[in-house]
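Worksheet: the structure to be examined is printed underneath.
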Amino acid sequence: MKAVNITLSILVLLMALASAVFSYFLFEKRSELVTGWGKMAVAINSVSKELDKNSGTKIADKLTPTALAHENYAGLDALLKEFPDQSRQIIAERDALADALLRIGRTIKLNPSENELRNLNTYQNSMGSIVRGVNTSIANRDKTNGNISNFVSSELKASVSRDKLEKGDKTALDDAVKAVRDARTRRTHYENQLRAIGTQSNAGSLNFSGDYKAATKKVTDAVSKLNSERAKLRGDLKVAESKNNKLTADLAAASRKLEKSQKQLAENERILSGYRKALNLAGPDLPMPWLDGSKEVRAQVVGHVIKVDTDYGYIAVDLGTSTRVKQPIGDKFIEVDPQIKPKEELVVARGELSSGNAEFIARIELDKVGAECSTADLPAAAAQKIQVGDIVYIENAK
Amino acid sequence: MFQSKFFTVMIALTTAAVAAALVFQLLEMKDYNLFQTLQSRFF
Chain W
1 MKAVNITLSI LVLLMALASA VFSYFLFEKR SELVTGWGKM AVAINSVSKE
51 LDKNSGTKIA DKLTPTALAH ENYAGLDALL KEFPDQSRQI IAERDALADA
101 LLRIGRTIKL NPSENELRNL NTYQNSMGSI VRGVNTSIAN RDKTNGNISN
151 FVSSELKASV SRDKLEKGDK TALDDAVKAV RDARTRRTHY ENQLRAIGTQ
201 SNAGSLNFSG DYKAATKKVT DAVSKLNSER AKLRGDLKVA ESKNNKLTAD
251 LAAASRKLEK SQKQLAENER ILSGYRKALN LAGPDLPMPW LDGSKEVRAQ
301 VVGHVIKVDT DYGYIAVDLG TSTRVKQPIG DKFIEVDPQI KPKEELVVAR
351 GELSSGNAEF IARIELDKVG AECSTADLPA AAAQKIQVGD IVYIENAK
Chain V
399 MFQSKFFTVM IALTTAAVAA ALVFQLLEMK DYNLFQTLQS RFF
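Taken in sequence, the protein lines are chains W and V.
For the record, in the first sequence the residue sitting at position 155 is 155 according to our numbering, with numbers rising by one throughout.
Each position in the second sequence, counted from 1, maps to that position plus 398 in our numbering.
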């Protein structure tokens, strides 16, 4: 028992010593933990203050180092509950702003990186580039609006509101749109008029939507051609006018001549009326006197064979250059020359020519034509048939 | 004194209590890695 008690006593002593050593270390550790707790409380308070700035929250007022001290461990859960919530809200706000910047960047065609916008090390560069891009876009927009404004005022002679343009007001370009529509209407009218001119001037088909210069040149060429033709026509018209004047003068002269002729005709008519009475002609018409050598005269020529010479082979007829045919005019006659000439073909016949019972005997061709008689070769086939007294006449005159 | 049964009982109970306290301290020391500190400081 004694040994056991002594052993246990020594063991207790040893364990007490070890416990004292362990207690020292644990005390030291506890001091570190308490100090660290205080630092963390201060840090949490500092972070809360930073997060509270311009955030509209007042978490730092609650998360004071005193309130977060280890002595207030029991209320720590309730206190710290708002801290992560605030952090999450700040992160959500950061992400929302990053998304907004991302969308802005994409809108202005910069295509920034989403991660770079959220990353603490890179967000400033990305944000700066987006801000610069936005500034550039606004500057470009202002330049574009300025160019539009200048173009509308100088080229279209219309007014435009820069303020309305910047606000995206649809009515900003109303005057410009009206000016463009007016120009279109005018152009359509011009095209229609040019087409009408082209149709009138034979310019061919006109396509103004394609090569409008070629189309308008067609019209101007056609009009130029018309002008030159008009000038030529004017010249021709002058010539025609001078001809017309001459013809008018000739017509006047002819009219005077006609008038004179009509007077002469009336006078002749009176004379002819006297002749009609003198010739005992009934009715207003006068027979037309035959002309020398005319068919009517030659049809009336009738002669006779006055000699047939079979020894020398010729015949003689009583027709010649002095032969005349008598044309009855009223109760008078006029003598007309049938103009008997050499080479004249005559028909020799026998019988009554006026009754149509004359017998054809032969054809002869006059060789020599005298004043009172003419001769012709005696046809061999009819040499024995032809007799003195047979009648002769001009066949082609019948 | 070492012959007393009462002492024996009391010292046994004390041993058990101290052992229990020591075990808890050992476990906490182990959690905080204080044995390494102890070694580095004393050895």
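Note that the Cβ used here is the ideal one computed from N, Cα and C, for glycine as well.
Note that the structure is a prediction, hence the values are computed from the model and not measured.
Interface flag, residue i vs chain V, CB-CB below 8 Å
i, result
"W/L26", "yes"
"W/L11", "yes"
"W/M40", "no"
"W/S23", "yes"
"W/V4", "yes"
"W/S31", "no"
"W/L17", "no"
"W/L8", "yes"
C-beta contact flag for residue i and residue j at 8 Å
i, j, result
"W/V297", "W/V317", "no"
"W/G400", "W/S374", "The requested residue 400 of chain W does not occur in the structure, where chain W is confined to residues 1 to 398."
"W/L378", "W/V308", "yes"
"W/A179", "W/K157", "yes"
"W/L286", "W/L272", "yes"
"V/F405", "W/N45", "no"
"V/Q401", "W/K29", "no"
"W/T216", "W/L194", "yes"
"W/R350", "W/I315", "no"
Min CB distance residue i to chain W below 8 Å
i, result
"V/Q401", "yes"
"V/F463", "Only positions 399 to 441 of chain V appear in this structure, which leaves residue 463 of chain V out of reach."
Cut-off 6 Å between Cβ atoms - residues of its own chain near residue i, not counting five sequence neighbours on either side
i, result
"W/Q89", "none"
"W/F49", "Contrary to the premise, residue 49 of chain W reads as Lys rather than Phe in this sequence. A60."
8 Å CB neighbourhood of residue i in its chain, flanking five on each side removed
i, result
"W/L226", "S201"
"W/P112", "L101, L102, G105, R106, S126, S129 and I130"
"V/M399", "F405"
Chain-order list of residues whose beta-carbon lies under 7 Å from that of residue i (same chain, five-residue window excluded)
i, result
"W/K341", "V369"
"W/S338", "Note on identity: in this sequence residue 338 of chain W is Pro, with Ser being the wrong assignment. Result list for W/P338: G293, V297, R298, V301, T323 and V325, in chain order."
"W/D52", "K58, I59 and A60"
"W/T171", "K164"
Exposed unless 16 or more other CB atoms sit within 10 angstroms - verdict on residue i
i, result
"W/Y190", "exposed"
"W/Q86", "buried"
"W/F83", "buried"
"W/M427", "A question about residue 427 of chain W goes unanswered here, because the residues of chain W that appear run from 1 up to 398."
"W/S355", "exposed"
"W/I138", "exposed"
"W/G198", "buried"
Cutoff 8 Å: residue i Cβ touching any chain B Cβ
i, result
"W/P287", "Structure shown: chain B not included; protein chains present are W and V."
Q: Can you give me, in chain order, the residues of the stretch 83–115 of chain W that have a beta carbon less than 9 Å from any beta carbon in chain V?
A: none
(Q) Tell me which residues of the stretch 416–435 of chain V have at least one Cβ-Cβ distance to chain W shorter than 8 Å, keeping chain order. (A) V416, A417, A419, L420, Q423, L424, E426, M427, Y430, L432 and T435
Q) Which residues, in chain order, does the stretch 43–57 of chain W contribute to contact with chain V at a C-beta distance below 7 Å? A) none
Q. If you measure beta-carbon to beta-carbon, which residues of the stretch 116–140 of chain W are closer than 9 Å to chain V?
A. none
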